[in-house]
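Positions 5 to 224 (this note's numbering) are the ones given, in order, by the sequence shown.
Backbone N, C-alpha and C fix where the C-beta goes; we use that ideal spot for every residue, glycine too.
The block underneath contains the structure these notes are about, expressed in structure tokens.
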Amino acid sequence: MFIVMLGVPGAGKGTQAQRLEERLGLRQVSTGDIFRENLRNQTPLGQLAKSYMDKGELVPDDVTIQMVEERLSRPDCARGAILDGFPRTLAQAAALDQMLSGKGQKVALVPLISVTDDEVMARLTGRRVCRRCQSVFHLLFNRPPPDGECPQGDKSQCDIYQRGDDQPETVRNRLFVYYKQTSPLIGYYFAHGLLAEINGAQEIDRVTSDLWDVLSRIQA
Ligand code: ADP
Ligand code: ADP
């Protein structure tokens, strides 16, 4: 089962994908996380992605699509995946459909997590991430563990940092890029009968339970 998480930057896609991962037994595939890992390891892909990420622009489609194709071809995605941050353009959505149809599979559901732009600004400026396990926290709404223990790690300490692109100016550009390049996907997936809108302006647990409800309906 392939699930595509859709929503503005900061809507809660990563937070919810991490929670669904265990429940569904499917891997979260976050293109942002893959780019950041490449950045840390100073690979050519990371160096290429950096200039786009720093400005809040999208990494070119051909590079992104190739990267996702390679990731989805690994055995841990044979049964499906929770795609978080991909696709972000209509060309990426078409490429995903093609990749999956090549394996006799297709996208099963596209939850659209809706929140207002003001909420996003508040969320992203307070967002903190663990470098080790990629867990997502918030200084007010979802605080990092006080003892520093990594929730998904192997009992080691979290290495919490603030992403460079979570500064207000970059966040505003990322929102603009979302409306320009990613929001057409709402129509695309609606037309395919796959869109399920979820109210993202609720407590994290409530959003998870609404998501679970729509997922249970398609699994039934
Ligand atoms: P957020 O979770 O806040 O939406 P991500 O971690 O998904 O942010 O993405 C961070 C950055 O990585 C994006 O601003 C963009 O530069 C790059 N990126 C991630 N996914 C894609 C994609 N599918 N296509 C192009 N660029 C991407
Ligand atoms: P996205 O992947 O869509 O960019 P994240 O999952 O990284 O979004 O969440 C962005 C920030 O908002 C994080 O700091 C996260 O802890 C926080 N957050 C996520 N969901 C909620 C929620 N329902 N209420 C309050 N804060 C939230």
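Report, in whole angstroms, the separation of the C-beta atoms of residue i and residue j, which I expect to be a contact under 8 Å.
i      : j      : result
Ala3   : Ser34  : Residue 3 is absent from the model: the chain starts at 5 and stops at 224.
Leu113 : Leu189 : Wrong, their Cβ atoms sit about 14 Å apart, outside the cutoff.
Leu76  : Met103 : 6 Å
Leu179 : Pro13  : 7 Å
Val8   : Leu87  : 5 Å
Gly204 : Ala15  : 5 Å
Considering only residues of the same chain and omitting the five flanking positions on each side of residue i, which have a CB-CB separation below 6 Å?
i      : result
Gln138 : Asp37
Gly89  : Ser34, Thr35, Gly36
Thr186 : Arg92
Can you tell me which of the options puts its alpha carbon nearest to the alpha carbon of residue i?
i      : options                        : result
Thr212 : Asp170, Lys17, Gly84           : Lys17
Phe145 : Pro115, Met103, Ile208         : Ile208
Gly108 : Gly84, Gly152, Tyr183, Gly130  : Gly84
Gln206 : Ser220, Leu128, Glu123         : Glu123
Cys154 : Arg176, Arg167, Val140         : Val140
Thr236 : Pro172, Gln166, Val181, His142 : Residue numbering for the chain in the displayed model covers 5 to 224; residue 236 lies beyond these limits and cannot be assessed.
Pro48  : Val67, Gly60, Gln223           : Val67
Asp169 : Met9, Thr186, Leu128           : Leu128
Thr174 : Arg23, Met57, Gly11, Gln51     : Met57
Gly11  : Ser220, Met71, Tyr183          : Tyr183
Ala99  : Arg23, Val72, Thr186, Asp151   : Val72
Asp121 : Pro172, Gly106, Glu74          : Pro172
Arg136 : Gln46, Ser160, Gln51           : Ser160
Within its chain, find whatever has a CB closer than 8 Å to the CB of residue i; leave out the 5 residues flanking it on each side and keep chain order.
i      : result
Asp80  : Arg31
Lys110 : Phe6, Asp101, Leu104
Ile202 : Pro115, Leu116, Ile117, Ser118, Val211, Asp214, Leu215, Val218
Pro148 : Arg132, Cys134, Phe141, Cys162, Ile164
Gln166 : Arg131, Arg132, Val133
Arg27  : Trp216
Gly29  : Arg83
Ala200 : Leu113, Val114, Pro115, Leu116, Val218
Go through its chain and collect everything with a Cβ distance to residue i's Cβ below 7 Å, but skip five positions before and after it.
i      : result
Asn177 : Lys59, Gly60
Met125 : Pro172, Val175
Item to check | the region 41–51 / the region 87–107 touching (three or more Cβ pairs under 8 Å) | outcome: no
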